[in-house]
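Just so you know, the sequences run in chain order R and W. Heads up, the first sequence is in this note's numbering, so the first residue is 1 and it goes up one at a time. Heads up, the second sequence is in this note's numbering, so the first residue is 1001 and it goes up one at a time.
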Amino acid sequence: MTAEADPLENAVDVWANRSKDVNRDMSEKRMDDYSKYIWRKWVFIIGCIVATVLVSGYALTIGDYSIGFWESYQILWNHITTGGDESIADYVIWTLRSPRIFTGIIAGMALGAAGAVMQSILRNPLADPFTTGISSGASFGATLALGMGLSLATASYAVVANAFIFSLIPMAIIIIVSKLKSTNPTTMIMAGIAVMYIFNAMSTLIKLWSDEETISSIFAWSVGSIDSNSWANVIIMGIVAIAGLFTLLILSKRLNVLSTGDESARSIGVDAGKLRIVSLLIVSLMSAAVVSFTGLIGFVGLVCPHIARMVIGSDNRYLIPASAVFGAALLLIADSVGRIVIAPAVIQVGVITSFIGAPLFLYLIVKQKKEVW
Amino acid sequence: MSIIEVEDLSFGYESDRKVLDGISFTIDDPSFVCIVGPNGVGKSTLIRCMNGLIKPTSGSVKVMGRNVEEYDLKELAKIMSYVPVMSKDFNVLTVLDTVLIGRYAHQKWKTTSEDLDIAYKALEAMEIDHLAMRNFNELSAGQHQKVSLARGLVQEPKILVLDEPTSNLDVRHQMYVSAFLKILVRKTETTVVMVSHDLNLSAKFADRIVVMEPPGKIYGMGEPKDVVTKEMLRKVYNVESNIIDDNGSPHVVLQSVLF
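Here it is, written out as structure tokens:
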């Protein structure tokens, strides 16, 4: 023990005098290294933003009416800054094509960020924005409107309103079950699965009683698409998604603490149960707002956070925005591919995201050297 | 004012089965206190109650004169840190980021150079600063233990509560961590409360030992030489032993199992 005494005294001194013995050069070097480490995360985020902007420009050119790549930006910019003109090009870009692009960006961002947060709060790599049964609730709501004509709203908003309201019911049940039992991730996932089966059974029952045409429209809704959206819908979705994303960014540091486990989190200063419920509420609202307008777009919320995690790590302060912008880029690319591959026919974006994303995901899993999960 | 005052503390997961039964003790001065006892006797439950992580069925825990339940979580995190046995996690962070999480109660959204300095000092003190940028999941169980301890340190607490911090460590690192904590208590007036299964390590380094016996009661508390005895080992652990003197500390040499 005697031989150990001095180095040990020194080790404790290193800690005990941490505020006095600060080596300024070393401190600055560490901060520089850390800033570079953080900057690498931002490079990925900025790269995804640039990709989203470029793909948006390209997506604006797709269609019967021919408009050039740079011209499309110019028309869009003119419309935003000056209110546009009466030209056909302005009408095509602003009224016909832009809502689709912005729907894609907002849906991709919301689902990507929601997926990252769901995986963090439930500590489960298979969690996605729909884990809590949002998709089954939304499907049931849409099925009810399309199959039986029962809706909480009329005419054009019948399906949207039903999908939104019913998609939040599973989350409400999960929160009630969590309050009665516990807020641990397993309880929440199991409650979500139970609710999902109930809604799926009810949807199946309605489909059994429906005619072929109705079943076809229910199926088309469930595949998910970002077309046929108006600016009014984009604004509603945008407000919910951006407010949600902003709140999640504020909570991101707390979400990191949650990764240490519920009891550790509490001892570090975070009430894990409360944070899990608040985050679940935000994520559910974001996903419900998107799903009710677009139908079920799977995959983005599950896989985008994993790909982002492989590149930039699991720090939620950067993972949430990275998953959001990567989600936006992937969704727009998938939608553009779906529109050109068998043009003039269109393949729904929900199908293409899986076709593009899954091989990319598999490639990254195989290539990944570091342990990510 | 006592640093920690546990008074008539009872806890049970079910109403008819008590895990802790009327535990009372106080820690008045900064010291190194080890809690020992057989498996399942409620040692970890006791420190979780002390930390406010679980709510006792009856009785109270006062930290710095105030009931632990009255503290705001962030406020308590600056006074008392809890070092559990850490294992691999789904959310993989680097060792540095994992340790920086311990700064949550002190810092804002962005990491400052002060946070970094403190994190690196804790890593140096634990001899793992070279692992700072490695992924936490790539480390061994023993290294996880040291990361967990570094994360507890960066909370800059007055009380450090540890759950078997030496359980996955080799003998050198068991000695290192125990001796480190002993010197930490002396030099920084931090109070260390540590659950341990290693009676000899506890007897060598602790100022006081709390011995628990089934069903969730305190058998005795005092200086190692007063509580680590043949009688205690016979009654609490059901083993026959010899106690030899190791420079003033009792050292247990196990002989046989009693039935």
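Glycine included, every Cβ here is placed at the ideal spot set by N, Cα and C.
Leaving aside the five residues before and after residue i along the sequence, list all residues of the same chain whose C-beta is less than 6 Å from its C-beta, in chain order.
i: H1197 (chain W); result: none
i: V257 (chain R); result: A265, I268 and V270
i: H1144 (chain W); result: M1086
i: L255 (chain R); result: S120 and N316
i: M202 (chain R); result: F140
i: K1225 (chain W); result: P1250
i: A1105 (chain W); result: K1074, A1077 and K1078
State the Cα-Cα distance for the pair residue i and residue j, rounded to the nearest angstrom.
i: Y1120 (chain W); j: M1064 (chain W); result: 29 Å
i: D1021 (chain W); j: I320 (chain R); result: 46 Å
i: K1187 (chain W); j: S1002 (chain W); result: 19 Å
i: V1019 (chain W); j: S1044 (chain W); result: 10 Å
i: F361 (chain R); j: V300 (chain R); result: 11 Å
i: G273 (chain R); j: Q1255 (chain W); result: 48 Å
i: V195 (chain R); j: M237 (chain R); result: 25 Å
i: G1216 (chain W); j: R1017 (chain W); result: 10 Å
i: M444 (chain R); j: A11 (chain R); result: This structure leaves residue 444 (chain R) out entirely; chain R is present only between 1 and 373.
i: T132 (chain R); j: I174 (chain R); result: 7 Å
i: M1 (chain R); j: A1203 (chain W); result: Confidence in M1 (chain R) is poor, its pLDDT being 45 and thus under 50, which makes the residue's placement unreliable; the coordinate value appears in the next sentence. Approximately 15 Å between the Cα atoms of the pair.
i: V1193 (chain W); j: A116 (chain R); result: 37 Å
i: A3 (chain R); j: D1129 (chain W); result: Low confidence applies here, because A3 (chain R) scores a pLDDT of 45, under 50, leaving its location unreliable; read the following figure in that light. In a straight line, the C-alpha of A3 (chain R) is about 22 Å away from that of D1129 (chain W).
i: L1139 (chain W); j: V303 (chain R); result: 26 Å
i: A5 (chain R); j: D1246 (chain W); result: Any reading at A5 (chain R) needs caution, since the residue's pLDDT is 49, under 50, leaving its predicted position unreliable; the model's value is listed next. Rounded to the nearest angstrom, the two C-alpha atoms are 17 Å apart.
i: V1161 (chain W); j: L1100 (chain W); result: 18 Å
i: K20 (chain R); j: L1116 (chain W); result: 15 Å
i: T1191 (chain W); j: I1118 (chain W); result: 19 Å
i: F1180 (chain W); j: V1195 (chain W); result: 16 Å
i: S56 (chain R); j: T95 (chain R); result: 15 Å
i: E1114 (chain W); j: Y1013 (chain W); result: 42 Å
i: A343 (chain R); j: L331 (chain R); result: 18 Å
i: Y1071 (chain W); j: K41 (chain R); result: 36 Å
In its own chain, which residues sit with a C-beta less than 7 Å from the C-beta of residue i, not counting the 5 before and 5 after it?
i: L285 (chain R); result: V240 and G244
i: D978 (chain W); result: Outside the shown range of chain W (1001 to 1259) lies residue 978 (chain W), about which nothing can therefore be said.
i: K207 (chain R); result: T143, G147, I215 and I218
Following the continuous beta strand (DSSP E) through residue i, name the residue where it begins and the one where it ends.
i: V1195 (chain W); result: T1191 to V1195
i: I1209 (chain W); result: R1208 to E1213
i: T81 (chain R); result: Unbroken run through T81 (chain R) is the alpha helix (DSSP H), F69 to T82; no beta strand (DSSP E).
i: L1233 (chain W); result: Careful: L1233 (chain W) lies outside any beta strand (DSSP E) and carries neither H nor E.
i: M1080 (chain W); result: M1080 to V1083
i: D1097 (chain W); result: D1097 (chain W) -> not in any beta strand (DSSP E); alpha helix (DSSP H) instead, spanning V1095 to L1100.
i: I976 (chain W); result: Chain W is shown only over 1001 to 1259; residue 976 (chain W) falls outside these bounds and no answer can be derived.
i: V1252 (chain W); result: S1249 to V1257
i: F1032 (chain W); result: F1032 to V1036
i: E1007 (chain W); result: I1004 to F1011
Inspect the beta-carbon positions of residue i and residue j and report whether they are closer than 7 Å.
i: G47 (chain R); j: G327 (chain R); result: no
i: S1178 (chain W); j: L1149 (chain W); result: no
i: V1006 (chain W); j: S1024 (chain W); result: yes
i: A375 (chain R); j: V159 (chain R); result: The question about residue 375 (chain R) has no answer, for chain R in this structure spans 1 to 373.
i: C1300 (chain W); j: P1056 (chain W); result: Outside the displayed span of chain W (1001 to 1259) sits residue 1300 (chain W), for which this structure offers no information.
i: G357 (chain R); j: V346 (chain R); result: no
i: A110 (chain R); j: M118 (chain R); result: no
i: A324 (chain R); j: A113 (chain R); result: yes
i: F293 (chain R); j: N233 (chain R); result: yes
i: G1042 (chain W); j: V1068 (chain W); result: no
i: M1080 (chain W); j: I1159 (chain W); result: yes
i: Q348 (chain R); j: V223 (chain R); result: yes
i: I134 (chain R); j: S287 (chain R); result: yes
i: V1228 (chain W); j: G1220 (chain W); result: no
i: I1244 (chain W); j: K1230 (chain W); result: no
i: I297 (chain R); j: G350 (chain R); result: yes
What residue does the alpha helix (DSSP H) around residue i start on, and which one ends it?
i: V1063 (chain W); result: Segment S1058 to V1063 is the beta strand (DSSP E) holding V1063 (chain W); no alpha helix (DSSP H) there.
i: P1224 (chain W); result: P1224 to V1227
i: T143 (chain R); result: I134 to M148
i: H1144 (chain W); result: A1141 to L1153
i: P7 (chain R); result: T2 to A16
i: L1162 (chain W); result: Where L1162 (chain W) is concerned, there is no enclosing alpha helix (DSSP H), although the beta strand (DSSP E) it sits in stretches over I1159 to D1163.
i: G115 (chain R); result: S98 to L122
i: G1040 (chain W); result: Element bounds for G1040 (chain W): n/a, residue is neither H nor E.
i: V325 (chain R); result: N316 to I340
Under the assumption that residue i contacts residue j (Cβ atoms under 8 Å), give the Cβ distance between them as a whole number of angstroms.
i: L275 (chain R); j: L251 (chain R); result: 7 Å
i: S72 (chain R); j: I93 (chain R); result: 6 Å
i: T1166 (chain W); j: Q1174 (chain W); result: 4 Å
i: L1096 (chain W); j: M1126 (chain W); result: Actually they do not touch by this definition, with Cβ atoms about 12 Å apart.
i: P129 (chain R); j: N229 (chain R); result: 19 Å between Cβ atoms; not a contact.
i: I365 (chain R); j: F44 (chain R); result: That pair is no contact at about 18 Å.
Within the present structure, is the beta-carbon of residue i separated from the nearest heavy atom of the ligand MG by less than 6 Å?
i: W221 (chain R); result: With respect to the ligand MG, the structure shown offers nothing to examine, as it has no ligands at all.
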